[in-house]
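Remarks on the structure that follows.
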Amino acid sequence: MTGKSMEIGIIGLGKFGLRMARTLRDLGHTVIGIDASENRVQLAEEYLETVYRADATNLTVLRSLHMQELDWVVICVGESVEQSLNITLNVQELAGPRLLVKASNEEHRKILQRLHVDRAIVPEVDAAVMAAHQLANPGMLDLIPKYGGIAIQELDVDRWHGKTLVELNLMQEHAVMVMGIRPAGADAFIFVPPARTVLQRGDRLVVAGRPASMGRLRP
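What follows is the structure, given as structure tokens:
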């Protein structure tokens, strides 16, 4: 587990919601599951300590379950945009938890962004974009759209053998920052390495920057 333990509500326990709930539980967080389906509730009870069969479109019900006291609420209702927005507005009415919503399409995401939810995701779209970038940029670990499409990627040192980070001047030349180095033969990364670190062939770097800038690097 990383960071402090949080209390998180998951509304909608389909495949996506239940997987998120189980992962958060495994990370050490307290997870409360909510779904209107008896079958989904019964399945979730195998993995979560606290699961309610309840109608999340009812604000009074959410208050009675103390959703307002949670750190986050995740809405994973995919049956209809109207239902998702109804629940979203209810949770915002609670004025307590931060809010992540699974959108069914880009139009749904735009509406959620106008409602100023903390995070709105379209899993299929986000996964497709990520897969495309990883295909085009081998070694890419993550893509962070919120900050303008910043990519995090691993690179193996070859041509940069014998050079220091100061000499490479990657920030000025390519707007790329070196976040960590794993020396050749070592198991662990050194994060925020000193600028005068001399690179060796076989070292692995973790760098962050725009995907287009990454594509121009020849380490």
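The sequence shown lines up with residues 758 to 976 when you count with our numbering. Don't be surprised by glycine CBs; every beta carbon is placed ideally from N, CA and C.
Here V874 is buried: its Cβ has 16 or more other Cβ atoms, across all protein chains shown, within 10 Å.
Fully enclosed alpha helix (DSSP H) runs of no fewer than 4 residues occupy 795-801, 816-821, 838-851, 863-871 of the region 784-872, in order along the chain. One alpha carbon belongs to Q825, the other to V798, and they sit about 21 angstroms apart. The C-beta distance from L962 to V923 rounds to 15 angstroms, too long to meet the 8 angstroms contact threshold.
Here the alpha carbons of D899 and I765 stand approximately 24 angstroms from one another.
Note that the C-beta distance between L892 and P976 is not below 8 angstroms. DSSP lists G937 as the bridge partner or partners of F948. Under DSSP, R961 takes part in a beta bridge, and its partners are D913, R939. With respect to G769, D783 sits apart: the two C-beta atoms are not nearer than 8 angstroms. Counting only the Cα atoms, L927 lies some 18 angstroms from R958. Counted as a single uninterrupted DSSP element, the beta strand (DSSP E) harbouring G766 occupies residues 764-768. Look at G966 here: in three-state DSSP terms it is strand. L872 is not a Cβ neighbour of A860, given a cutoff of 8 angstroms. By the Cβ-count criterion, N847 is buried, with 16 or more other Cβ atoms from all chains shown falling within 10 Å of its own Cβ. Around the beta-carbon of D812, fewer than 16 other beta-carbon atoms lie within 10 Å, marking it exposed. Per the Cβ contact rule, the region 878-885 is not in contact with the region 924-943 (fewer than 3 Cβ pairs under 8 angstroms).
Assignment of T780 by DSSP, reduced to helix, strand and coil, places it in the helix class. Judged by DSSP in its simplified three-state form, V874 adopts coil rather than helix or strand. Around the C-beta of A943, fewer than 16 other C-beta atoms lie within 10 Å, and the residue is accordingly described as exposed. Proximity to W917 across P950, L974, E864, G937 peaks at L974, based on C-alpha coordinates.
Per DSSP, reduced to three states, the secondary structure at V955 is strand. The C-alpha of A945 is placed about 16 angstroms away from the C-alpha of V964. In the structure shown, L925 adopts helical secondary structure according to DSSP, grouped into three states.
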